[in-house]
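This is the structure we're talking about:
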């Protein structure tokens, strides 16, 4: 393949990419979604017959995630809640036997070096019947096992059948601010208590 053929092939490929991107943007807008977004996860709650999509931007310094929901017999999504621009809603989880969706909110920021960092903000529960959002536990409100004095939800593994708690990966820190310990734990919503089940040597597993 000579240089001229290579240039023509490159231009054709770029044209096709733009065409596909334009079609995808139009489809997203018709579905009530952001024009430019990346898919992260899709959940289904059979009790409310609701689909929940976790989406993020294709190009943005903060890369905040948003949650959208629709009935299975509908085509248009609605955004859940109205978070601030620097708040990312991540790690959604739901159940087959209750109408709840749970997720974690992270407050993101861009450092002077351009790196994006974030702090755990809160744990939330949504009733998918009416989209009411409840703050379950905010930063600093969890009751932690000794000797830990700081902790946050790193990932949600599952929502309890009665909707009163979650199994989750929690990061726990000692007062001396040393190495973080990660545990698969039970988190009771009413008491905000953390009960470690198993220490995770690999942080996430």
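Residue numbers (this note's numbering): 873 to 1077.
Just so it is clear, CB atoms sit at the ideal spot from N, CA and C, and this is done for glycine as well.
As the structure is a computational prediction, the values presented were derived from the model and not from experiment.
1) The beta strand (DSSP E) spanning residue 1016 covers which residue range?
2) When the distance is taken between beta carbons, is residue 1009 closer than 8 Å to residue 995?
3) Taking the alpha carbon of residue 1064 as the point to measure from, which residue in 1077, 1025, 1015 has its own alpha carbon closest?
4) Put residue 1036 into one of helix, strand or coil per three-state DSSP.
5) Could you check how far apart the C-beta atoms of residue 958 and residue 981 are, in whole angstroms? I think they sit under 8 Å.
6) In the DSSP assignment, find the unbroken beta strand (DSSP E) run with residue 941 in it and report its ends.
7) Helix, strand or coil for residue 1004 per DSSP?
8) Can you tell me the Cβ-Cβ gap for residue 962 and residue 976, rounded? I've got them flagged as a contact below 8 Å.
9) From 922, 916, 940, pick the residue whose C-alpha is nearest to that of residue 910; which is it?
10) If you run the structure through DSSP and keep just helix, strand and coil, what is residue 1027?
11) Given a cut-off of 8 Å, decide if residue 913 and residue 964 are closer than it, judged by their beta-carbon atoms.
12) CA-CA distance, residue 925 and residue 915?
13) Excluding the 5 residues preceding and the 5 following residue 918 in the sequence, name in chain order all residues of the same chain whose CB lies nearer than 8 Å to its CB.
14) Could you pull the DSSP bridge partners for residue 926 from this structure?
15) In the DSSP assignment, find the unbroken beta strand (DSSP E) run with residue 1058 in it and report its ends.
16) Residue 976 lies in the beta strand (DSSP E); which residues open and close that run?
17) Under the rule that 16 or more other beta-carbon atoms within 10 Å means buried, what is residue 1028, buried or exposed?
This is what the structure gives:
1) Here the question's residue 1016 lines up with position 144 in the chain shown. Segment: none, residue 1016 is in no beta strand (DSSP E) and carries neither H nor E.
2) The sequence position of residue 995 within the chain shown is 123, counting from 1. The sequence position of residue 1009 within the chain shown is 137, counting from 1. In contact: residue 995 and residue 1009 (Cβ atoms closer than 8 Å).
3) In the chain shown, counting from the first residue as 1, residue 1064 sits at position 192. Closest by C-alpha distance to residue 1064, out of 1077, 1025, 1015, is 1015.
4) By 1-based counting over the chain shown, the position of residue 1036 is 164. Residue 1036: coil per DSSP, three-state reduction.
5) Sequence index remark: in the chain shown, residue 958 carries index 86 (1-based). Sequence index remark: in the chain shown, residue 981 carries index 109 (1-based). That belief holds up - the Cβ atoms of residue 958 and residue 981 are roughly 7 Å apart, short of 8 Å.
6) Walking along the chain shown from the start, residue 941 turns up at place 69. Boundaries of the beta strand (DSSP E) around residue 941: 938-943.
7) Taking the chain shown and counting its residues from 1, one reaches residue 1004 at position 132. If DSSP states are grouped into helix, strand and coil, residue 1004 belongs with the strands.
8) One-based indexing of the chain shown puts residue 962 at position 90. One-based indexing of the chain shown puts residue 976 at position 104. Approximately 5 Å separates the beta-carbon atoms of residue 962 and residue 976; this is inside 8 Å, confirming the contact.
9) Within the chain shown, the letter at position 38 stands for residue 910. The candidate whose alpha carbon is nearest that of residue 910 is 940.
10) Looking up residue 1027 in the chain shown gives position 155. Three-state DSSP puts residue 1027 in a strand.
11) What you label residue 964 is simply residue 92 of the chain shown in a count that begins at 1. What you label residue 913 is simply residue 41 of the chain shown in a count that begins at 1. Yes, the pair counts as a contact, with Cβ atoms nearer than the cut-off.
12) Position 53 of the chain shown, counting from 1, holds the residue named residue 925. Position 43 of the chain shown, counting from 1, holds the residue named residue 915. Taking the straight line joining both Cα atoms gives about 6 Å.
13) Within the chain shown, residue 918 is the residue found at index 46, counting from 1. Contacts found: 968.
14) Position 54 of the chain shown, counting from 1, holds the residue named residue 926. DSSP, once it has assigned bridges, lists 913, 939 as partnering residue 926.
15) The residue given as residue 1058 occupies position 186 in the chain shown. Residue 1058 -> beta strand (DSSP E) spans 1053-1060.
16) If you number the chain shown from 1, residue 976 lands on position 104. Start and end: 972-982.
17) Mapped onto the chain shown, residue 1028 falls at position 156. That one is buried.
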